[in-house]
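*Asks:* Residue numbers (full-length UniProt numbering): 1 to 252. Just so it is clear, CB atoms sit at the ideal spot from N, CA and C, and this is done for glycine as well.
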Ligand code: NDP
Ligand code: 8X3
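#1: Step through the CB atoms of chain E and report whether any lies within less than 8 Å of the CB of residue 200.
#2: Which residue wins for smallest C-alpha separation from residue 184, given the options 154, 241 and 120?
#3: Give every residue of the same chain whose Cβ lies closer than 8 Å to the Cβ of residue 211, excluding the five residues on either side of it in the sequence, and list them in chain order.
#4: Run the CB neighbour count on residue 250, radius 10 Å, all protein chains shown included, and call it buried at 16 or more, exposed below.
#5: Between 229, 226, 247 and 220, which lies nearest to residue 22 when the distance is taken from Cα to Cα?
#6: Could you tell me how far apart the beta carbons of residue 125 and residue 111 are, in whole angstroms, since I believe they sit closer than 8 Å?
#7: How about residue 8 and residue 107: do their beta carbons lie closer than 8 Å?
#8: Within a Cβ cutoff of 6 Å, which residues of the same chain sit near residue 3, ignoring the five residues on either side of it in sequence?
#9: Run through DSSP, which three-state label would residue 33 get?
#10: Sort 38, 122, 144 and 43 by Cα distance to residue 175 and report the nearest one.
#11: Per DSSP, what kind of secondary structure is residue 208 in: helix, strand or coil?
#12: Taking 7 Å as the line, does the beta carbon of residue 269 fall inside it for any heavy atom of ligand 2?
#13: Determine the DSSP secondary structure at residue 122, reduced to helix, strand or coil.
#14: Compare the Cα-Cα distances from residue 160 to each of 142, 149, 127 and 204 and report the closest residue.
#15: Whole-angstrom Cβ separation of residue 213 and residue 14, contact assumed at under 8 Å?
#16: Mind checking whether residue 164 and residue 85 have CB atoms under 8 Å apart?
#17: The beta strand (DSSP E) that contains residue 236, what's its start and end?
#18: Using CA atoms only, rank isn't needed, just tell me which of 74, 51, 89 and 20 is closest to residue 217.
#19: Can you tell me whether DSSP reads residue 63 as helix, strand or coil?
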């Protein structure tokens, strides 16, 4: 029987690329996200290659997650890898101009959603034991401050520390935990962050060479496919053409 991966946010970006990469590697796929039509398209695309189960899921809804896990069909229950990828940034403006609802949406999705899914899958992953993995999508924004990152970056700092803390508690179970922290990657991320501003997205990713969703999918698949005794704690990855910048100084 093939290994089983559950991916949150499989309808776009890293999640969709990871679904395709895991299919190439022969894994059975549990694909989740809010957009049913995209899940159906992906199922149609990949189900010739590997078994695919899809479930419409908003990770903010803890009860819905329990239902999805309880309703996993035979052949999809023994999940070996959980990819906590669903997430978003909103409100690119400075903190003092940001909408409080946007802050709550980021916290509810990137923090509460991620712990909801993790909590529901932990018993299964522990039962799977040696070789099981949780991969959490953090960000360089969880480590490095920049203007307009406010709650988004802070939510990804949570993801990093939660990943490390999980490792401590899961020691002895065989379940591995990894925080993958990408830098700038061209997906729908900036469209979502800017409320659908295609020009802003094109400008950010234009005239340079951002990471592609497939780059991160490759790292996700690589991480969970390493021998069971190897745990990658954190992988920070940037485009070669992205680096840190100088401190900002306010002057008279
Ligand atoms: P995309 O916007 O392309 O994809 C985000 C995915 O998250 C979508 O599939 C979306 O699906 C899903 N999602 C959002 N909110 C929810 C929700 N409430 N419930 C379930 N699914 C949800 O962005 P990326 O692929 O770039 O982002 C994936 C992850 O990577 C995020 O956690 C992001 O923070 C992180 N990241 C992105 C970077 C980048 O530069 N692109 C860099 C570093 C980290 P749907 O709308 O159908 O629910
Ligand atoms: C997204 C990457 O550089 O916009 O997590 O913070 S960045």
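*Replies:* Let's see:
#1: In the displayed structure, chain E is absent; only one protein chain is listed.
#2: Checking every option, the nearest Cα to that of residue 184 belongs to 241.
#3: Correct list, in chain order: 182, 183, 184, 185, 186, 237, 238 and 239.
#4: Taking a 10 Å sphere around the C-beta of residue 250, we find fewer than 16 other C-beta atoms and assign the residue as exposed.
#5: The candidate whose alpha carbon is nearest that of residue 22 is 220.
#6: Under the criterion of beta carbons closer than 8 Å, residue 125 and residue 111 do not qualify as touching, at roughly 20 Å.
#7: Going by beta carbons, residue 8 and residue 107 fall outside the 8 Å limit.
#8: Closer than 6 Å at the Cβ level, and outside the excluded window around residue 3, lie 27 and 80.
#9: In the structure shown, residue 33 falls within a strand segment according to DSSP collapsed to helix, strand and coil.
#10: The option with the nearest alpha carbon to residue 175 is 122.
#11: Reduced to three states, the DSSP call for residue 208 is coil.
#12: Lying before the first or after the last residue shown, residue 269 is absent from the chain, which here runs from 1 to 252.
#13: In the three-state DSSP reduction, residue 122 falls in the helix class (H, G or I).
#14: Each of 142, 149, 127 and 204 was checked against the Cα of residue 160, and the nearest Cα belongs to 142.
#15: About 5 Å separates the two Cβ atoms, so the contact holds.
#16: 8 Å or more divides the Cβ of residue 164 from the Cβ of residue 85.
#17: Unbroken beta strand (DSSP E) run through residue 236: 234 to 237.
#18: Closest option to residue 217, Cα to Cα, is 20.
#19: Annotated three-state conformation of residue 63 is helix, per DSSP.
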